[in-house]
Structures are given as C-alpha cells and as structure tokens.
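J.:
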Amino acid sequence: MSDQTNRRTLLKLAAMSGAAAAAVPMGAARAQETATAPVDPQSKYTSEPFKEQPQPWPGLQSKMDPVPDCGETSYRGSGRLAGRRALVTGGDSGIGRAAVIAFAREGADVAINYHPDEEPDAQDVAKLIKDEGRKAVLIPGDLTDQAFCVDLVQRAERELGGLDILVNNAAYQQSKKSIDDISFEQFDRTLKTNLYAMFWITKTAVPLMKPGAAIINTASVNSVSPGEELLDYATTKGGIAIFTKGLAKQLAKKGIRVNAVAPGPIWTPLQVAGGQLPGKLGEFGQDTPLGRAGQPAELGPLYVALASGELSYTDGSIFGANGGTGIV
Ligand code: NAD
Ligand code: MG
-3 MSDQTNRRTL
7 LKLAAMSGAA
17 AAAVPMGAAR
27 AQETATAPVD
37 PQSKYTSEPF
47 KEQPQPWPGL
57 QSKMDPVPDC
67 GETSYRGSGR
77 LAGRRALVTG
87 GDSGIGRAAV
97 IAFAREGADV
107 AINYHPDEEP
117 DAQDVAKLIK
127 DEGRKAVLIP
137 GDLTDQAFCV
147 DLVQRAEREL
157 GGLDILVNNA
167 AYQQSKKSID
177 DISFEQFDRT
187 LKTNLYAMFW
197 ITKTAVPLMK
207 PGAAIINTAS
217 VNSVSPGEEL
227 LDYATTKGGI
237 AIFTKGLAKQ
247 LAKKGIRVNA
257 VAPGPIWTPL
267 QVAGGQLPGK
277 LGEFGQDTPL
287 GRAGQPAELG
297 PLYVALASGE
307 LSYTDGSIFG
317 ANGGTGIV
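The opening residue of the sequence shown carries number -3 in the numbering used here; numbering runs sequentially from there.
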C-alpha cells in the first residue's frame, strides 16, 4: 500500500467515524423520542387473561408468567433524587421493586426490607441498584415482629448515613369469600403486617428525618371501596389512608410530607400467593376501563414524584393508579 493510498484510507476512515459520531446524537435523540412517544395505555401491556399459577406465600416474581415489569429495562432517571437515602419495605418485588428501581435510577441509595423467603428476588434488585452505582442495603426480616421493625429503621439509617425517604409498602393479602373463613390468626397477621408494622416503622423513622423528607404509604382502591373477599385487608388499607392524612397534618410542622399511592389491580406476586380466590386470576384487571391489569412499572414515577421536592405542596394526598375505574 502506497503512502498516498494509506492517507486516502485514513481520510476515508476519519470521514466515516465523523459521520458516525454525528449520527450518535441523532440516534440518541430518536431513541429518546421513541421512548417518550405517546403510547396507547390499552395496549402498552398484555390484556390476555392470566393463567392460574398458585405459589406458596410470599411468592417469587421470577416464577410468574408473565414476569411482572418493574421498569428493569425501561425506567430512565434524570437525577431527581440525587444523593437521597430511601428505605422501602417489600422492595424485592412488585410495586416496591418498581419504586426501588426508579429511586436508584434517579440517584438515590436504597435499603430494602423483604421476608427471608424472598432472597432470590431481593438479590435481583440489589444488582439493579448497584448497576446504577448506588448503594444497596439488604435487610431481610419479618415485619410482624415489633423489635425487628425498630431495628430495621435504625440499621437502614445507619448504613445509608441518613434517611430522606420512607416507603411503607409491604402487605399481607389473603382472599377469603366470607368472614367465616377468616381465621383469628389471619386477621392478626394482616393487621400486624399492614398497620402495626407501618406504625412501628414510621414512629422510629420520624425522629431520624429532616425537613424535606418524604413518607409514602402504599394504600389501595380497597382503602375506599372494599373488595367483598378482602375484608381484613381492606380494613387495613382504609386505616393506611387515614393514617396518611392524619400524619401529614402532624408532620407538616417538621417539613416532612406524607402521601399515599392507591393502586388498582397490578400484576405482582401478592396476587398469585393467595391474593385472589382460586380460579379468579383470569378475571384480574379485565373489568377496568383500560381492559387489563397494570404493571408495577406504571407506578414507579408516582413514587419518584412524591419523594422528590418538586411536589412540595402535595401533602396528605392519595394518588390512584387503577386503569380508569376512578375509584381513587
Ligand atoms: P408483592 O408481593 O410484590 O409485595 C408485597 C411485599 O410485602 C412482599 O414482597 C414482602 O416482601 C412484603 N411482606 C409481606 N409480609 C411481610 C412480612 N411479614 N415481613 C416482611 N415482608 C413482608 O406485591 P405488591 O402487589 O407489589 O404489593 C405492594 C403493595 O401494593 C402492598 O401494600 C399491596 O397492598 C399494595 N397493592 C397492591 C395491589 C395489586 O393489585 N398488586 C393493589 C393495591 C395495593
Ligand atoms: Mg416479594
């Protein structure tokens, strides 16, 4: 190869790489455009009836068909929670996992609590947090234990170096046709998990939080419109809504906002681990105006918005995500 040919080849390569370099931002802009293009919410996710697929409690989302979408491949952050420190209960799967992924992609360090039987799901989440270069603190343990709840908050605060965001999201839900079928043990466990743990955790967290901090509770459409087969669970969800509003009044003077998210039918392990009556999974979400169940990923942005200081005048409020039913 002559020097001249060499030079010509080099120039050609340089021109090509220049064109490629110029093409990158264009391509990126197009990808961004595609990601933010309007999407029909009816067809964004499957509306196929789900197959029966019972799992023993607490259920693993990796074993579900289809596997719920918690935003693993879709959520894009923009630094809205840079440097914040969050504790999320039930952060291993479902709606809590969607909040955790979104928080980490927005720049937060996150501690998650989950039941020890959920270690595989929790490990998946830990990897997703670390992939963002954020700190992941895993604190497995049983929320029906008061001493554990107190220790959970203290450990999370210590290991994160502070606590700016608390998401009380874990819950126990077992569908039973009649009050006759709800055992004293089930009633006790539902209230312990959904109400007592929220109180124990929040009471421990508040003195550790500073002005600008945010508490977000996961309520439900059952908070205002109880499902007939969810008497004990709906009772706790009504309590969570009132606790949210009452606590917001108290903590406003400390500069801490308290809000809640109230989901409708969302495809998560809760539903396959006793959350629905046997034989009913095929109907799950089908009667909403959007004609399908929601996916956890569709709620992540709500938790981010409530956690960030942007919604600074939003306090003591409850936000629905229920496919058009208008219940909340
Ligand atoms: P999920 O099963 O993914 O999450 C519930 C989590 O609760 C579990 O992952 C588990 O870690 C935690 N948990 C329960 N008992 C526990 C205990 N004793 N100790 C430690 N952890 C415990 O299901 P999800 O649907 O994402 O549930 C998250 C929240 O969303 C719950 O508050 C639920 O009531 C609420 N919600 C869900 C729906 C829905 O259709 N999926 C609708 C309305 C409200
Ligand atoms: Mg789970």
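Quick reminder that beta carbons are idealized off the backbone N, C-alpha and C, glycines included.
Bear in mind that the values here come from a model prediction, so they are computed numbers and not experimental data.
If you measure from the CB of Asp113, is any heavy atom of the ligand MG nearer than 6 Å?
T.: Residue numbering aside, residue 113 sits at position 117 when the sequence shown is read from its first letter. Checking every heavy atom of the ligand MG against the Cβ of Asp113, none is found closer than 6 Å.
J.: My output table needs one value for Gly223: the three-state DSSP class, helix, strand or coil.
T.: One-based indexing of the sequence shown puts residue 223 at position 227. Reduced to three states, the DSSP call for Gly223 is coil.
J.: Straight-line CA distance for Pro329 to Thr264?
T.: Here the chain covers residues -3 to 324 and nothing more, so residue 329 does not appear.
J.: Taking buried to mean at least 16 other C-beta atoms within 10 Å of its own C-beta, is Lys47 buried or exposed?
T.: Along the sequence shown, read from residue 1 onward, the residue named residue 47 stands at position 51. Answer is exposed; the Cβ neighbour count stays below 16.
J.: Quick check: Gly158 and Arg81, are their CB atoms within less than 7 Å of each other?
T.: Locating residue 158 in the sequence shown gives position 162, counting from the first residue. Locating residue 81 in the sequence shown gives position 85, counting from the first residue. Yes; because the gap between Cβ atoms is below 7 Å, this pair is in contact.
J.: When the Cα of Phe144 is compared with those of Asp311, Lys131, Pro285 and Phe195, which residue comes out closest?
T.: Here residue 144 refers to the residue found at position 148 when the sequence shown is read from its first residue. Among Asp311, Lys131, Pro285 and Phe195, the Cα nearest to that of Phe144 is on Phe195.
J.: Is Ser171 closer than 7 Å to Leu273 when the C-beta atoms are compared?
T.: Here residue 273 corresponds to residue number 277 of the sequence shown, with the count starting at 1. Here residue 171 corresponds to residue number 175 of the sequence shown, with the count starting at 1. Contact flag set, yes.
J.: What are the start and end residues of the beta strand (DSSP E) that includes Gly316?
T.: Taking the sequence shown and counting its residues from 1, the one referred to as residue 316 is at position 320. Residues Ile314 to Ala317.
J.: Tell me whether the beta-carbon of Asn190 lies closer than 7 Å to the beta-carbon of Thr232.
T.: As a first step, residue 190 must be located in the sequence shown, where it is residue number 194. As a first step, residue 232 must be located in the sequence shown, where it is residue number 236. Result yes, Cβ atoms of Asn190 and Thr232 sit closer than 7 Å.
J.: On the three-pair Cβ rule with 8 Å, is the region 254 to 264 touching the region 286 to 304?
T.: Yes, the region 254 to 264 touches the region 286 to 304.
J.: Between Phe280 and the rest of its own chain, which residues show a CB-CB distance below 7 Å, the 5 nearest in sequence each way excluded?
T.: Within the sequence shown, the letter at position 284 stands for residue 280. Answer for Phe280: Phe46, Pro261, Gln267, Gln272 and Ala289, listed in chain order.
J.: Check whether the Cβ of Pro136 lies closer than 6 Å to any heavy atom of the ligand MG, and answer yes or no.
T.: On the sequence shown, residue 136 is found 140 positions in, with the first residue counted as 1. Not under cutoff, so the answer is no.
J.: Got a sec, what are the start and stop residues for the beta strand (DSSP E) Ile323 sits in?
T.: Residue numbering aside, residue 323 sits at position 327 when the sequence shown is read from its first letter. From DSSP, Ile323 is part of no beta strand (DSSP E); its letter is neither H nor E.
J.: Is the beta carbon of Leu77 sitting closer than 7 Å to the one on Ser304?
T.: By one-based count along the sequence shown, residue 77 stands at place 81. By one-based count along the sequence shown, residue 304 stands at place 308. Against a cut-off of 7 Å, the Cβ pair of Ser304 and Leu77 comes out as a contact.
J.: When you compare only the Cα positions, how much space is there between Pro203 and Glu225?
T.: Counting from 1 along the sequence shown, the entry for residue 203 is found at position 207. Counting from 1 along the sequence shown, the entry for residue 225 is found at position 229. Rounded to whole angstroms, Pro203 to Glu225 spans 38 Å at the Cα level.
J.: For Asp177, which three-state DSSP category applies?
T.: The residue labelled residue 177 in the question sits at position 181 within the sequence shown. Note: Asp177 maps to helix in three-state DSSP.
J.: Can you tell me whether DSSP reads Val268 as helix, strand or coil?
T.: Here residue 268 refers to the residue found at position 272 of the sequence shown. Helix at Val268.
J.: Under DSSP, the beta strand (DSSP E) around Tyr41 begins and ends at which residues?
T.: As a first step, residue 41 is located in the sequence shown; it is residue number 45 there, counting from the start. Premise fails: Tyr41 is in no beta strand (DSSP E) and is neither H nor E.
J.: Looking at the ligand NAD, does it come within less than 6 Å of Gly312, judged from the CB to the closest heavy atom?
T.: Working through the sequence shown from its first residue, we reach residue 312 at position 316. False, no ligand heavy atom lies under 6 Å from that Cβ.
J.: For Gln142, collect the residues of the same chain with a Cβ closer than 6 Å to its Cβ; drop the 5 residues on either side in sequence, then sort them by chain order.
T.: To locate residue 142, count along the sequence shown from 1; it is residue 146. Correct list, in chain order: Trp196.
J.: Let's test the definition: count the other Cβ atoms within 10 Å of the Cβ of Arg72 and tell me whether it reaches 16, buried, or not, exposed.
T.: On the sequence shown, residue 72 is found 76 positions in, with the first residue counted as 1. It is exposed - the Cβ of Arg72 has fewer than 16 other Cβ atoms within 10 Å.
J.: What does the alpha-carbon distance come out to for the pair Val257 and Leu243?
T.: For the purposes of this step, residue 257 is taken as the residue at position 261 of the sequence shown. For the purposes of this step, residue 243 is taken as the residue at position 247 of the sequence shown. Computed Cα separation, rounded: 15 Å.
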